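Start counting the sequence shown at 1; every next residue gets the next number (full-length UniProt numbering).
The beta carbon of each residue, even a glycine, is placed where N, CA and C say it ideally should be.
Small disclaimer: the values here were computed from a predicted structure and weren't measured.
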Amino acid sequence: MAISTAIHESAKRGRAYLHESVTLGCAVLRYSARSGRSGGGGAVVADYGWAEVHRYALWVSEHELVLVVDFGAQYAQLIARRVREAKVYSEIVPHSMPVEEMLARGPKAIILSGGPQSVYAEGAPRVESGLFEAGVPAFGICYGFQAMAQTLGGEVRRTGLREFGRTPVTVSEPGTLLADVPEDLNVWMSHGDAVHAPPAGFAVLAASEGAPVAAFEDLDRRLAGVQWHPEVLHSQAGQAVLEHFLYEIAGCKGDWTTTNVVDEQVELIRNQVGDKQVLCALSGGVDSAVAAALVHKAIGDQLTCVYVDHGLQRAGESEQIEKDFVAAIGIRLEAIDAEEQFLTALAGVTEPEQKRKIVGREFIRTFEATARKVDAERHIEFLVQGTLYPDVVESGGGTGAANIKSHHNVGGLPDDLQFSLIEPLRTLFKDEVRELGLALGLPETMVYRHPFPGPGLSIRIIGEVTRERLDILRAADLIARTELTAAGLDRDIWQFPVVLLADVRSVGVQGDGRTYGHPVVLRPVTSEDAMTADWARLPYDVIERISTRITNEVDEINRVTLDVTSKPPGTIEWE
């Protein structure tokens with residue numbers, strides 16, 4: 001009891017201190033590309049513990065917070081997203097974070113993720129007993145389920161029967177966690193160890209062939225867990241199980257909405273910026289567009305956006321930014337036509353990494369020149385970037401370091417061109433950013449634009465990049481996107497690269513003559529986060545229409561192929 005009381009007092013003091021220290025919220029860092037460190041400036045923040053990360057993020061102290069403790073799970077981000085889908089704000093923290101720091105955040109609940117290790121293996125991550133003594137509801141998933149059982153005195157051991165993929169589970173006693181779910185469930189398992197005996201006070205709710213205890217709960221202590229992965233879409237009633245924990249066991253109310261994000265960020269940005277001037281680099285993607293729209297809603301004409309048209313966009317995309325985006329938001333835009341500059345720099349280059357470096361270098365040169373011009377006119381103090389929450393999480397590592405990525409387009413600005421960063425999307429996932437974009441009035445075509453690489457079409461041309469080859473690829477790509485939209489499949493597909501094999505020619509027959517044209521590769525994929533992807537099973541009639549139109553309407557293309565490789569082993573982009 002003394003330990004519990006001490007932790008609670010620590011949590012109260014820590015929460016008050018943290019709230020006081022971050023009331024300005026959204027990511028204020030002095031920017032200096034050369035130093036790469038906070039304190040000397042820097043888009044990279046190194047040597048900070050995870051407890052410090054939220055100092056540079058949107059502060060959400062007035063919302064319920066669920067912490068997802070990451071034990072090395074491939075699905076940790078997915079768990080956090082599913083919690084947010086239940087309208088409860090969530091953040092991911094590493095298992096190395098001390099329990100006192102977790103509790104200092106004042107969480108409404110804590111979720112323990114899966115992980116690749118055995119709980120009884122030497123060096124395996126442990127869960128401090130203080131976490132379960134603090135009175136905070138906790139939910140264990142897979143490894144987290146086993147770690148909870150072991151810490152509280154249950155028995156975990158290898159069964160000899162591993163379960164991977166879809167697995168039948170029988171519900172013996174629904175309790176609160178499994179209320180109103182089918183008695184026979186098909187769920188997603190990934191384990192070799194299993195809980196054989198629950199800790200004292202826990203009721204066993206379900207079992208599978210390889211897991212004698214596949215789910216349990218202790219309502220008095222508000223603790224529960226499952227051996228399977230409810231966050232994965234393959235798990236039947238998975239979201240219902242998560243929401244039973246969040247709402248019925250943890251007592252969450254669900255107060256996290258897009259409207260909240262807009263209102264809170266607008267206030268934070270206004271407080272942060274005051275009457276200063278702000279600059280934003282637009283890439284054409286949804287992240288930078290939504291970030292710009294949100295900042296513009298807060299400060300209006302104090303924001304200037306810069307769009308560098310490198311000539312490597314898909315058909316109609318530059319026009320969409322220069323006309324539709326400006327019309328919808330009323331934003332001040334500096335559009336730079338740099339196509340000739342980029343094509344000259346790319347001439348004769350075929351190696352994909354070299355293409356990426358050239359495009360990045362030329363972008364920085366162009367953006368720097370424009371930033372200096374705008375700075376001379378308006379004295380810029382802040383720079384907007386569309387950093388998302390997965391960028392922050394993936395940069396942090398599992399040992400407590402918060403090493404924020406500097407991979408954004410403006411990451412190479414010189415030392416003498418310094419701004420403070422505004423990162424208003426830093427706590428959001430991609431699907432939340434899209435919801436935010438719609439709420440801010442952005443066109444649906446922009447909000448649901450498929451992810452597109454920074455180097456643009458240059459890495460979808462296998463071979464040298466020329467104006468003629470870009471025109472060929474744009475025409476083929478436009479047909480593929482048009483037919484996908486006509487079939488109503490836009491939002492079912494994560495990404496749809498069309499790749500021109502410019503250094504390959506194949507023999508064909510068109511009309512009464514032979515042709516010697518280029519093949520193109522269609523690469524439609526489905527994914528939730530781009531970390532893994534599967535090739536999309538498009539209807540044959542859609543593929544046929546795309547193929548027929550491309551070979552009929554695009555000169556120089558006489559063959560259309562379909563890439564049926566998943567990721568892994570293949571990447572989504574060819575280069």
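Buried versus exposed call for residue i [16 or more other C-beta atoms within 10 Å across all chains shown]
i, result
"serine 288", "buried"
"phenylalanine 164", "exposed"
"alanine 43", "Note that alanine 43 scores a pLDDT of 32, beneath 50, so its modelled location is shaky; the value from the coordinates is reported in the next line. Flag for alanine 43 reads buried."
"histidine 63", "buried"
"serine 129", "exposed"
"lysine 253", "exposed"
"leucine 161", "exposed"
"glycine 114", "buried"
"cysteine 340", "Note that residue 340 is glutamate in the sequence shown here, rather than cysteine. Exposed is the call here."
"glycine 316", "exposed"
"aspartate 275", "exposed"
"valine 509", "exposed"
"proline 199", "buried"
"tyrosine 143", "buried"
Helix, strand or coil at residue i [DSSP, three-state]
i, result
"proline 168", "strand"
"threonine 485", "helix"
"valine 306", "strand"
"tyrosine 516", "strand"
"isoleucine 461", "strand"
"serine 288", "helix"
"arginine 549", "helix"
"histidine 244", "helix"
"threonine 466", "coil"
"isoleucine 422", "strand"
"lysine 567", "strand"
"arginine 559", "strand"
"glutamine 236", "coil"
"alanine 298", "helix"
"alanine 369", "helix"
Cβ separation of residue i and residue j, assumed to be a contact under 8 Å, to the nearest whole Å
i, j, result
"histidine 196", "valine 213", "7 Å"
"alanine 206", "alanine 194", "With 8 Å as the limit, alanine 206 and alanine 194 do not qualify as a contact, their Cβ atoms being about 12 Å apart."
"serine 235", "valine 187", "4 Å"
"alanine 502", "histidine 518", "6 Å"
"valine 290", "leucine 442", "7 Å"
"valine 306", "phenylalanine 382", "Going by Cβ atoms, the distance from valine 306 to phenylalanine 382 rounds to 14 Å, so no, they are not a contact pair."
"valine 498", "leucine 470", "Not a contact, Cβ separation roughly 12 Å."
"histidine 296", "isoleucine 321", "Between isoleucine 321 and histidine 296 the Cβ distance is about 14 Å, and since that is not below 8 Å, they are no contact."
"proline 125", "histidine 95", "4 Å"
C-alpha distance - residue i paired with residue j, whole-angstrom precision
i, j, result
"leucine 522", "leucine 233", "26 Å"
"isoleucine 572", "arginine 449", "16 Å"
"leucine 246", "alanine 480", "42 Å"
"valine 68", "glycine 225", "13 Å"
"lysine 87", "valine 261", "12 Å"
"proline 568", "threonine 259", "37 Å"
"proline 116", "arginine 559", "44 Å"
"glutamine 146", "phenylalanine 452", "40 Å"
"tyrosine 516", "valine 507", "5 Å"
"leucine 223", "glutamine 313", "51 Å"
"leucine 436", "phenylalanine 325", "15 Å"
"isoleucine 331", "serine 283", "15 Å"
"isoleucine 459", "glutamate 351", "9 Å"
"aspartate 337", "valine 308", "7 Å"
"arginine 84", "proline 390", "14 Å"
"valine 465", "glutamine 495", "22 Å"
"glycine 570", "glutamate 319", "33 Å"
"arginine 361", "glutamate 100", "45 Å"
"isoleucine 461", "glycine 311", "14 Å"
"alanine 109", "glutamate 444", "35 Å"
"valine 127", "serine 420", "38 Å"
"glycine 210", "threonine 159", "7 Å"
"glycine 72", "threonine 387", "22 Å"
"threonine 220", "valine 542", "The sequence shown places aspartate at residue 220, rather than the threonine named in the question. Each residue's alpha carbon lies about 55 Å from the other."
"alanine 335", "tryptophan 574", "29 Å"
"glycine 300", "leucine 112", "42 Å"
"phenylalanine 342", "arginine 372", "20 Å"
"alanine 475", "aspartate 534", "25 Å"
"glycine 463", "leucine 438", "38 Å"
"glutamate 423", "proline 168", "44 Å"
"alanine 237", "glutamine 227", "14 Å"
"serine 118", "alanine 347", "53 Å"
"alanine 134", "valine 393", "26 Å"
"serine 208", "cysteine 280", "53 Å"
Going residue by residue through the segment 56-123, where are the continuous alpha helix (DSSP H) segments of at least 4 residues, counting only ones entirely within it? 76-85, 99-104
4-residue-minimum alpha helix (DSSP H) runs that sit fully inside the segment 121-207, ordered along the chain: 129-133, 143-151
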